[in-house]
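What follows is a short report on a single structure.
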Amino acid sequence: MSIDWQSLMVPLIVPVVKIAVLLFALMTAAAYLVLLERWIAAWVQDRLGPNRVGIPLTKIKMFGLGQPLADGLKFIFKEEYTPAHVDKALYILAPVVILSAALAIFAVIPFGDVLPIEVPGVEGPIAMVEAPGVDVGMIYVFAMSSIAVYGVILGGWASNNKYSFLGGLRSSAQLIAYEIPLGLGILGVVLAAGSLRLEEIINGQAASGQWNAFSQPLGLMVFLIASFAEAARLPFDLPECEQELIGGYHTEYAGMKLLLFLIAEFLHMVVAAFLIVILFFGGWHFWGMEVGPDVTVTWPMAIVRIAVLLAKVMAVIVFFMLVRWSWPRFRFDQLMNLAWKVMLPLGIVNLIAVACVVEFAHVRELEGGVASPWIAVGVGWVVALVAWFLAGRYAPLHTDNRPRLEVLRAPDFEPETALARQREAALR
Amino acid sequence: MDELALLQNYLIVGALLFGIGLVGFVSRRNMIVMFLSAEMMLQGVSVSLVAWGRYHNDWGGQMLVILILTVAACEAAIALAVVLSLFHQSGSLDIAIWQHLREDNQPEFIEREVLEPLAPEHQWPKLAPSGIEPEPDLEEIAHRSHV
Amino acid sequence: MNEALPSVAVATVLLALGLWMMLPRGTTTWRGVGALTTLAALCIFAWLSSHLDPSEEAWLGDAVFFTLAGVTVIAAVCTVTFSNPGYSAIWFGLSLLGTAGLFLFQGAQFLGVATIVVYAGAILVTFLFVLMLAQPKGESAYDRLSWGAGLAALSGAVVVGILVLSILGIFQNPDVASRPRAPFELPELKTEILADQHVAHLGAQLFSKYLVAVEVAGTLLLVALVGAVAIAERIKKPDRGGQSHG
Numbered sequence: 001m002s003i004d005w006q007s008l009m010v011p012l013i014v015p016v017v018k019i020a021v022l023l024f025a026l027m028t029a030a031a032y033l034v035l036l037e038r039w040i041a042a043w044v045q046d047r048l049g050p051n052r053v054g055i056p057l058t059k060i061k062m063f064g065l066g067q068p069l070a071d072g073l074k075f076i077f078k079e080e081y082t083p084a085h086v087d088k089a090l091y092i093l094a095p096v097v098i099l100s101a102a103l104a105i106f107a108v109i110p111f112g113d114v115l116p117i118e119v120p121g122v123e124g125p126i127a128m129v130e131a132p133g134v135d136v137g138m139i140y141v142f143a144m145s146s147i148a149v150y151g152v153i154l155g156g157w158a159s160n161n162k163y164s165f166l167g168g169l170r171s172s173a174q175l176i177a178y179e180i181p182l183g184l185g186i187l188g189v190v191l192a193a194g195s196l197r198l199e200e201i202i203n204g205q206a207a208s209g210q211w212n213a214f215s216q217p218l219g220l221m222v223f224l225i226a227s228f229a230e231a232a233r234l235p236f237d238l239p240e241c242e243q244e245l246i247g248g249y250h251t252e253y254a255g256m257k258l259l260l261f262l263i264a265e266f267l268h269m270v271v272a273a274f275l276i277v278i279l280f281f282g283g284w285h286f287w288g289m290e291v292g293p294d295v296t297v298t299w300p301m302a303i304v305r306i307a308v309l310l311a312k313v314m315a316v317i318v319f320f321m322l323v324r325w326s327w328p329r330f331r332f333d334q335l336m337n338l339a340w341k342v343m344l345p346l347g348i349v350n351l352i353a354v355a356c357v358v359e360f361a362h363v364r365e366l367e368g369g370v371a372s373p374w375i376a377v378g379v380g381w382v383v384a385l386v387a388w389f390l391a392g393r394y395a396p397l398h399t400d401n402r403p404r405l406e407v408l409r410a411p412d413f414e415p416e417t418a419l420a421r422q423r424e425a426a427l428r
Numbered sequence: 429m430d431e432l433a434l435l436q437n438y439l440i441v442g443a444l445l446f447g448i449g450l451v452g453f454v455s456r457r458n459m460i461v462m463f464l465s466a467e468m469m470l471q472g473v474s475v476s477l478v479a480w481g482r483y484h485n486d487w488g489g490q491m492l493v494i495l496i497l498t499v500a501a502c503e504a505a506i507a508l509a510v511v512l513s514l515f516h517q518s519g520s521l522d523i524a525i526w527q528h529l530r531e532d533n534q535p536e537f538i539e540r541e542v543l544e545p546l547a548p549e550h551q552w553p554k555l556a557p558s559g560i561e562p563e564p565d566l567e568e569i570a571h572r573s574h575v
Numbered sequence: 576m577n578e579a580l581p582s583v584a585v586a587t588v589l590l591a592l593g594l595w596m597m598l599p600r601g602t603t604t605w606r607g608v609g610a611l612t613t614l615a616a617l618c619i620f621a622w623l624s625s626h627l628d629p630s631e632e633a634w635l636g637d638a639v640f641f642t643l644a645g646v647t648v649i650a651a652v653c654t655v656t657f658s659n660p661g662y663s664a665i666w667f668g669l670s671l672l673g674t675a676g677l678f679l680f681q682g683a684q685f686l687g688v689a690t691i692v693v694y695a696g697a698i699l700v701t702f703l704f705v706l707m708l709a710q711p712k713g714e715s716a717y718d719r720l721s722w723g724a725g726l727a728a729l730s731g732a733v734v735v736g737i738l739v740l741s742i743l744g745i746f747q748n749p750d751v752a753s754r755p756r757a758p759f760e761l762p763e764l765k766t767e768i769l770a771d772q773h774v775a776h777l778g779a780q781l782f783s784k785y786l787v788a789v790e791v792a793g794t795l796l797l798v799a800l801v802g803a804v805a806i807a808e809r810i811k812k813p814d815r816g817g818q819s820h821g
């Protein structure tokens, strides 16, 4: 059996290099994003954040930039303790599953446009995607997010601990419930772009110069809220809040396994940020760039595009972190009601609106006219405002936790009789 | 591999999945595992359908698999509701409890095997209940810890 | 067909014996031997299928296929033979991943990822919920003791044997192999894994030629949703069901 090693290995070099760069960048990013979150938390809460650990073994404090290194070393050197009462196979499997799924999502996410490098055996410039040309890119992202739910369920169940179990159940129910608004937000974008490929979606926005955030604001809102819930960030982080569930599904984990869980959670947040930027904020596009299929991308242009994309992603990540310290968390039933009774109808309304606009533009083009892009923007914003107003007005009361002042401030309100009446009603 | 060999290999894999699913469905007593085996039979059929679709260059294979996916989802929803209902009434997921729903002339299945005892469960130390003083141990009282 | 009959017969018998020994029967004495026997049977099936294509140029494609098929079938055997139902569910998840890979290998990208999203991501998770809530331990007697294990293993293996025999028999027939394949349909079903516009063509087919099927599937989903909710409501309030029957 003669193996032609050269023709086998040469096309593999480019993806392997991309994977290596991506892994290194992601792990470093996960570590330093934790530091960024602590700085932002400190700034929001009007205190000093970590600012002591600079270069290790010296007294140089570089604004605490050595903190991730110290944290990483702490995790590595912590005692790897497997409790005796856990289901060992599933206990070890859970963090592996969730981290693999979180890393696998990055296979189809573009990090820029293309790099004008000529590699023998590979035609054309190198696309800044690990797996370019996957026609089902967006559904692949969904598939990997669905697998990540397993890590949560198995972690909660294998721990053989009521708090972990409850946390795992709640977390997986939340993740599954919010997958649907996520999909509905994405479907509007996919309709407008005509393809499931993330590179095509960016190219579509670049070609028309109109970002999807302007023409589908309702879709953006739905997707934003759903991605907060999918990343289990506040205000949706009931599954792992310390005040109620000790640690949720990662209570019984320590050392490297816990580090894997935390890294997976951060990677989910990074993925959510990337998706928001790519789907709704134009990806690497900024007005003033030369775009089009016949434009050759040179080195300066390529680097500018990567920089623009990463800057937008950083802005969205900072927004994620600011939101964490701004809102109280949802109660679990409020969370589920929000998913099924508010986000799902809003997503459907958005899909219908986008479908109408796209069809109208298509019909106009068939007749020979040119559909103005401002129609999409106008319809999008009108639909968004009307739907938001109606949802706010008629949403079920579970999503609203404000005290009923009209009852409390009624002139004949007596707290004891009201409580007694309420108790009687509950017992009946 | 050429198209014919690919088709045959896929059909063999589909046949294996179908047969193994059949074994699981007929022999396991846990309702959930029975359902998983039924889903495995559906997967075997899906693999065969996709192979045939590719061989004959017909999209119908993939279309049928999409429909199978839909039907499997519906079946999962209703099966789950039924399983929950049965669990609520009997307290266990054993399907041998409901064997009176079979045909009339079937011999009754009674568990005759003696199961091997599992490894004894770890005896966790029990904390003394708080608020109640433990019984005084005379030996401990009489023990002199110093000379 | 005649030249493959002895190997298929041997493989069938080995598969029946192996599965019978590995099915939960309350004892764990013969599980190791059963595992080896089942593995031997699967190897014979693999050997039979690899002899179908004598060319050795595309060895990497063959290796990928056999890896995927091996993972799928071995995970399927483990699903059926592990007594802890939680482990069964996880092995089934692995089998689904293998099947998704097999779909991808055929060029059916959408089906591959849709299998993972729907089956592994929704159906299996729902059943894991039920398992976790119903039996957190997984060591009950009905899990460790299956009924009719011998007969079930024999019938399953016989089904597999007959199917494999007929598959091999049909295509060894020179009459069938020489018959031309069905004429190409437009748009052509592109069979490369990274086909361009795969989803667009799939959507075009779904909404032109198979439109009625799509609509019926939608109605079926609605019916199933209503049915599941109705059955679940009965669990919560059983007297309501009794009253409605008068």
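Chains as they are written, first to last, in my numbering: chain A, 1 to 428; chain B, 429 to 575; chain C, 576 to 821.
Where a beta carbon is used, it is the ideal one built from N, C-alpha and C, also for glycine.
Only exposed fits B:Asp532, as fewer than 16 other CB atoms lie within 10 angstroms of its CB. Bounds of any alpha helix (DSSP H) do not take in B:Gln534, whose DSSP letter is neither H nor E. In summary, the residues of the stretch 185-210 of chain A whose CB is separated from some CB of chain C by less than 7 angstroms are Leu196, in the order they occur in the chain.
Only Gln684, Phe685, Val688 from the stretch 673-688 of chain C bring a Cβ to less than 7 angstroms from some Cβ of chain A. A straight-line Cα-Cα distance of about 11 angstroms links B:Leu543 and C:Ser721. Here the C-alpha atom of A:Gly183 lies approximately 30 angstroms from the C-alpha atom of A:Ile126.
At a cut-off of 8 angstroms between C-beta atoms, A:Val149 counts as an interface residue with respect to chain C. Residues of chain A whose Cβ lies closer than 9 angstroms to the Cβ of C:Asp771 are, in chain order, Gly133, Asp135. Between the beta-carbon of B:Val510 and that of C:Ile806 there is about 6 angstroms, and that keeps the pair under the 8 angstroms contact cut. Rounded to whole angstroms, the separation of the alpha carbons of B:Gly452 and C:Met597 is 11 angstroms. Across the structure, B:Met491 and A:Leu344 are spaced so that their CA atoms are roughly 27 angstroms apart. For C:Ser730, the chain B residues whose C-beta falls within less than 8 angstroms of its own C-beta are Leu450, Val451, Val454, listed in chain order. In the three-state scheme derived from DSSP, where H, G and I count as helix and E and B as strand, A:Val44 is classed as helix. Identification of residues in the stretch 658-674 of chain C having a C-beta nearer than 8 angstroms to some C-beta of chain B yields Pro660, Ser663, Ala664, Phe667, Ser670, Leu671, Thr674, given in sequence order. In this structure, the straight-line span from the alpha carbon of A:His85 to that of B:Gln551 is close to 11 angstroms. Taking a Cβ-Cβ threshold of 9 angstroms, the residues of chain A close to C:Met707 are Ile153, Gly156, Trp157, Phe165, Gly168, Leu169, in chain order. At a cut-off of 8 angstroms, the C-beta of B:Trp526 has no neighbouring C-beta in chain C. Contact residues of the stretch 689-701 of chain C toward chain A are Ala689, Ile691, Val692, Ala695, Gly696, Ala697, Val700 (C-beta to C-beta distance below 8 angstroms).
According to DSSP, A:Asp113 shares a beta bridge with no other residue. The Cβ-Cβ distance between B:Phe463 and C:Phe657 does not fall below 8 angstroms. If you draw a 10 Å sphere on the C-beta of C:Asn748, you find fewer than 16 other C-beta atoms in it, and that means exposed.
The Cβ-Cβ distance between A:Trp327 and A:Pro181 does not fall below 8 angstroms. By DSSP's assignment, A:Ile126 forms a beta bridge with A:Leu115. Within chain B, the residues Leu432, Gln436 have their CB atoms less than 7 angstroms from the CB of C:Phe746, given in chain order.
In this structure, the CA atom of A:Met314 is about 15 angstroms from the CA atom of A:Val304. The closest CA to that of A:Gly255, considering only A:Ala41, A:Gln422, A:Pro95, A:Ala29, is found on A:Pro95. One finds Ile153 in chain A with Cβ atoms closer than 7 angstroms to the Cβ of C:Leu703, taken in chain order. Only those residues of the stretch 781-811 of chain C whose C-beta falls short of 8 angstroms from the nearest C-beta of chain A would be listed, and there are none.
Closest in alpha carbon position to B:Ile506, among C:His776, C:Ala803, C:Gly682, is C:Ala803. Contact residues of the stretch 633-648 of chain C toward chain B are Ala633, Gly636, Asp637, Phe640, Ala644, Thr647, Val648 (C-beta to C-beta distance below 7 angstroms).
Taking C:Ala579 as reference, the option from C:Ser624, C:Phe678, C:Ser663, C:Gly645 with the minimal CA-CA separation is C:Ser624. In the DSSP assignment, A:Trp381 falls within the alpha helix (DSSP H) that extends over 373-394. When the five nearest sequence neighbours on each side are left out, the beta carbons in the same chain lying within less than 8 angstroms of the beta carbon of A:Val270 are those of Leu26, Ala29, Ala30, Leu33, Val313, Ile317, in order along the chain.
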